[in-house]
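Trainee:
There are 2 protein chains.
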Amino acid sequence: MTPARARLEDVARIAGVSPKTVSRVLNKEPNVLQETRDKVLATMEALHYRPHPSARSLAANRSFLIALLYDNASPSYTMEVQSGVLDACNAHQYSMMMQPFDSRAPEFVDQVQALVTDRRLDGLVLTPPIADHEKLLARLRELGTPFASVAPRSQSGAGVFLDERQAACDMVKYLASLGHKRIAHVIGHPDHGAAQWRLQGYRDGLAQCGLRYAAQLVVPGTFLFDSGVAAARKLLALKSPPTAVFAANDDMAAGVMWAASELGLAIPRDLSVCGFDDTPMSRQIWPSLTTVHQPCQEMGRIAASQLFRVVRGNSSELVHTAYSLCLRGSTAALVD
Amino acid sequence: MTPARARLEDVARIAGVSPKTVSRVLNKEPNVLQETRDKVLATMEALHYRPHPSARSLAANRSFLIALLYDNASPSYTMEVQSGVLDACNAHQYSMMMQPFDSRAPEFVDQVQALVTDRRLDGLVLTPPIADHEKLLARLRELGTPFASVAPRSQSGAGVFLDERQAACDMVKYLASLGHKRIAHVIGHPDHGAAQWRLQGYRDGLAQCGLRYAAQLVVPGTFLFDSGVAAARKLLALKSPPTAVFAANDDMAAGVMWAASELGLAIPRDLSVCGFDDTPMSRQIWPSLTTVHQPCQEMGRIAASQLFRVVRGNSSELVHTAYSLCLRGSTAALVD
DNA sequence: GCGCAAATTGACAGCGCTGTCACACCTGTC
DNA sequence: GACAGGTGTGACAGCGCTGTCAATTTGCGC
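Quick note, the sequences are listed as chains A and B, same order.
For the first sequence, this note's numbering assigns the number 1 to the initial residue and increments by one for each residue that follows.
For the second sequence, this note's numbering assigns the number 337 to the initial residue and increments by one for each residue that follows.
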């Protein structure tokens, strides 16, 4: 039924070389005659040879396994990043584990360390807000565990970065170009670097358009829908309510729209709203949401690729990627 | 820096027993004196012993690895199921891989087989629509690969099941109880068993309320948002448009709402809309969506547990779980 | 043509665990 | 008291691969 799987030794015997040479070919090591290499490759192909992952790990003392760590409420974000990491893993003959964590739990750092040592992980891909967990980063450096970060606050290390500050600034400038002067901002969760960048970008945008920063137009949030609802209720109850709200992510923007609808306001006629992230939901609400698109899947792919460079001891870097504004129905020119 | 990890042999030496006995304790095998077992367990604890996964796999000829296969456009669904599977894996000392597939690709079955044999997987958790891919199921049975299914169409095998037909029926009865007589249905993707069940349940509900099935009120969809928009445009252009629309999932329901809003209809005043799945988005649109909740995470956990039973050769079953209706703002009593 | 370095290949010994089998010991039976 | 049948334990040989190191071949300068 199931044909016995070919082993490395079988390939060696049939190709007429030693097992070690087959191993060299398998691992793309140098110093193998091209002729020998081709012969071995052909034999592998003929036998449908596939190395045994466990045997490889045991002998080589590395697991060929990385983990993607997340503590993120947004399934679409996590899935997209995951999908990119998976792509990179498949391309590099690595496997990936997923592992959710509560990064505010006191045992968090120890839990990650246990995961790394128990599973003999070769490295980690960190996503926000884990990518900014200083205690974890310190521990990983101490243990010498390779890692790469997605959108870390610190502009160093291996990973991938997107200029969210500039994106937020662009968004505010767009709102200003529509004639809005009272532009509010709903801040994200303080543990996320993204919340800071987007707030900074908001301030940059105001400044560049000659608008004054007004403290009462800036309210805290948590990146969650409900916090957007709460923020909107506060903002819309002001004596001079904003004519546009820039929420630090889409979920909160949806919350703002929800609260506005509840109050009978029409969007975008009575209030322009925009978000950040371009989640699938942003196109599924009415009107569809103006937001900032990040190439999450590509970011996952890049972060994993950088991680593999670190693992192999090659030079790695923080790669920059590009955002784009998605101008949709939830924003419109100010009329009055 | 990194302390050398204790090996099984170290535990054996310190506990004063043979390595094989430690192995027996580790694998919870019978025929070990309780006293010996306790001593070994204590030593393991003291040394922080953790078995080396690769060594175990290699020697035992099993990988302690399962994969979760998906081809599902809904990130929140997949993430929830994944989270449950992960829970079960952690409880049973297994690891999990994720792997997305295009189940309509001609190479699909071979790709899965390659994954199983290359990675030496111990089993698979299948999600819709992969759980209903007959060719794949046949191949897996032929290869003797254990698997468990989430919401399979066929009411047999190992896995987890939820009575979606009854849920859909309940939803229609609820709409009827609000006074609606022209209740439309947007069907899901024909490859998904769920689409059939929900349609059947819709028909059951109509029948039980003494309402006639009207072919023009039942339009095809794909489970995607855009198909909901298209379906709604068709339905709302009818001479006698429906007063309520039951879409086979939330994304399409959002599409219906979107199209209705575009036409200037107010929901729920002019049109009641409901969906199925209780995605996060269903609470983030205005008005929030009446829908059916499935305990996806628990379903993932159950499916994985059943898979482990199959792997161990224990009896397995198709476990039933319960749904619940979430009555929210998108449905209301008919007024006229 | 010789010496030395680099290129190419192979022999061998594990990596850390488990399957198989053998052995010692115990219990109860007639 | 000899024997079958069970229980608890250990010796040993790998699982399929790679690291180390040694052996052999090749290339090149003078």
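Just so it is clear, CB atoms sit at the ideal spot from N, CA and C, and this is done for glycine as well.
1) Closest by CA to Pro-128/A, which one among Ala-207/A, Glu-35/A and Phe-223/A?
2) Considering only C-alpha positions, which residue in the set Arg-605/B, Ala-391/B and Phe-612/B is nearest to Thr-627/B?
3) Cα-Cα, which of Gln-113/A, His-320/A and Gln-82/A is closest to Arg-141/A?
4) Might you give, ordered along the chain, the residues of its own chain that have their beta carbon closer than 6 Å to the beta carbon of His-384/B, omitting 5 neighbours on each side?
5) Cutting at 6 Å between CB atoms, please list the residues of its own chain near Gly-529/B, excluding the five before and the five after it.
6) In or out: Asn-585/B buried (at least 16 other Cβ within 10 Å) or exposed?
7) Could you have a look at Gly-495/B and say whether DSSP puts it in helix, strand or coil?
8) Mind checking which residues open and close the beta strand (DSSP E) that includes Tyr-406/B?
9) Grab the span of the beta strand (DSSP E) containing Val-682/B for me, first residue to last.
10) If the criterion is Cβ atoms closer than 7 Å, does the pair Phe-483/B and Leu-462/B meet it?
11) DSSP has His-521/B in a bridge; who is on the other side?
12) Going by alpha carbons, who is nearest to Val-673/B out of Gln-532/B, Gln-536/B and Gly-480/B?
13) Between Val-508/B and Ala-567/B, is the Cβ-Cβ spacing less than 7 Å?
14) Quick check on this structure: which residue in Ser-492/B, Glu-598/B, Arg-455/B and Asp-407/B has the alpha carbon closest to the alpha carbon of Thr-439/B?
15) Where do the N-terminal and C-terminal ends of the alpha helix (DSSP H) with Ser-431/B fall, by residue?
16) Relative to the alpha-carbon of Pro-106/A, which residue among Arg-312/A, Asp-38/A and Leu-136/A has its alpha-carbon at the smallest distance?
17) Is the CB of Asp-454/B under 7 Å away from at least one CB in chain A?
18) Tell me the DSSP secondary structure of Ser-324/A in three-state form.
19) Does the count of Cβ pairs from the region 250-262 of chain A and the region 620-634 of chain B closer than 8 Å reach three?
20) Compute the Euclidean distance between the alpha carbons of Glu-164/A and Gly-201/A, then round it to the nearest angstrom.
21) Is it buried or exposed, Leu-238/A, if we count other Cβ atoms within 10 angstroms and call 16 or more buried?
22) Is Leu-547/B closer than 7 Å to Ser-54/A when the C-beta atoms are compared?
23) Sort out for me which residues DSSP pairs Thr-626/B with in a bridge.
24) Contact check, Ser-399/B vs Gly-636/B under 8 Å by CB: the rounded distance?
25) With a 10 Å radius around its C-beta and 16 neighbouring C-beta atoms as the bar for buried, classify Leu-344/B as buried or exposed.
26) When the Cα of Leu-265/A is compared with those of Leu-236/A, His-293/A, Phe-246/A and Asp-278/A, which residue comes out closest?
27) Rounded to whole angstroms, what's the CA-CA distance from Val-655/B to Asp-446/B? Just pull it up for me.
28) For Ala-6/A and chain B, any beta-carbon pair shorter than 7 Å?
29) Which same chain residues, not among the five before or five after Ser-324/A, have their C-beta less than 8 Å away from its C-beta?
30) For Ala-450/B, write down the residues that DSSP places opposite it in a beta bridge.
31) Would you mind telling me which residues of chain A sit closer than 8 Å to Ile-402/B, beta carbon to beta carbon, in chain order?
32) Span of the beta strand (DSSP E) holding Val-11/A?
33) So does the region 7-25 of chain A actually touch the region 351-370 of chain B, counting three or more Cβ pairs closer than 8 Å?
34) Please report the residue range of the alpha helix (DSSP H) in which Val-32/A lies.
35) Could you tell me whether any Cβ in chain A is nearer than 7 Å to the Cβ of Thr-657/B?
36) Considering only heavy atoms of the ligand MG, does any lie closer than 6 Å to the CB of Val-245/A?
Mentor: Looking at the coordinates:
1) Taking Pro-128/A as reference, the option from Ala-207/A, Glu-35/A and Phe-223/A with the minimal CA-CA separation is Phe-223/A.
2) Each of Arg-605/B, Ala-391/B and Phe-612/B was checked against the Cα of Thr-627/B, and the nearest Cα belongs to Phe-612/B.
3) Of all alpha-carbon atoms in Gln-113/A, His-320/A and Gln-82/A, the one lying nearest the alpha-carbon of Arg-141/A is that of Gln-113/A.
4) Result list for His-384/B: empty, nothing under 6 Å.
5) Asp-468 and Arg-489, listed in sequence order.
6) With 16 or more Cβ atoms within 10 Å of its Cβ, Asn-585/B is classed as buried.
7) Note: Gly-495/B maps to strand in three-state DSSP.
8) Here the beta strand (DSSP E) through Tyr-406/B covers 401-406.
9) Missing from the structure shown is residue 682/B; chain B here goes from 337 to 672 and no further.
10) The Cβ atoms of Phe-483/B and Leu-462/B lie closer than 7 Å to each other.
11) By DSSP's assignment, His-521/B forms a beta bridge with Val-554/B and Phe-582/B.
12) The question about residue 673/B has no answer here: the residues shown for chain B are numbered 337 through 672.
13) No Cβ-Cβ contact shorter than 7 Å links Val-508/B with Ala-567/B.
14) With the sequence shown as reference, residue 439/B is identified as Ser, and Thr is not the correct amino acid for it. Among Ser-492/B, Glu-598/B, Arg-455/B and Asp-407/B, the Cα nearest to that of Ser-439/B belongs to Asp-407/B.
15) Careful: Ser-431/B lies outside any alpha helix (DSSP H), inside the beta strand (DSSP E) at 431-436.
16) Looking at the Cα atoms, Leu-136/A is the closest of the given residues.
17) Interface residue, yes.
18) It is a strand residue.
19) Yes, the region 250-262 of chain A touches the region 620-634 of chain B.
20) One C-alpha to the other measures close to 7 Å.
21) Exposed, by the Cβ-count rule.
22) Their beta carbons are not under 7 Å apart, which means Ser-54/A does not touch Leu-547/B by this criterion.
23) Answer by DSSP bridge pairing, in chain order: Cys-610/B.
24) Under the criterion of beta carbons closer than 8 Å, Ser-399/B and Gly-636/B do not qualify as touching, at roughly 20 Å.
25) The residue in question, Leu-344/B, is buried, as its Cβ has 16 or more Cβ neighbours within 10 Å.
26) When each option's Cα is compared against that of Leu-265/A, the closest is Leu-236/A.
27) Their backbone Cα atoms lie some 29 Å apart in a straight line.
28) No - not a single Cβ of chain B is within 7 Å of the one on Ala-6/A.
29) Excluding positions up to five away in sequence, the list reads Val-292 and His-293.
30) In the DSSP output, where bridge partners are listed per residue, Ala-450/B has none listed.
31) In chain order: nothing, as chain A lies at least about 12 Å away.
32) Unbroken run through Val-11/A is the alpha helix (DSSP H), 8-15; no beta strand (DSSP E).
33) Segments in contact, no.
34) Under the DSSP assignment, Val-32/A falls outside any alpha helix (DSSP H); it carries neither an H nor an E label.
35) Any Cβ of chain A closer than 7 Å to the Cβ of Thr-657/B would place that residue at the interface, and such an atom is absent.
36) In the structure on display, the ligand MG does not appear, and there are no ligands present to speak of.
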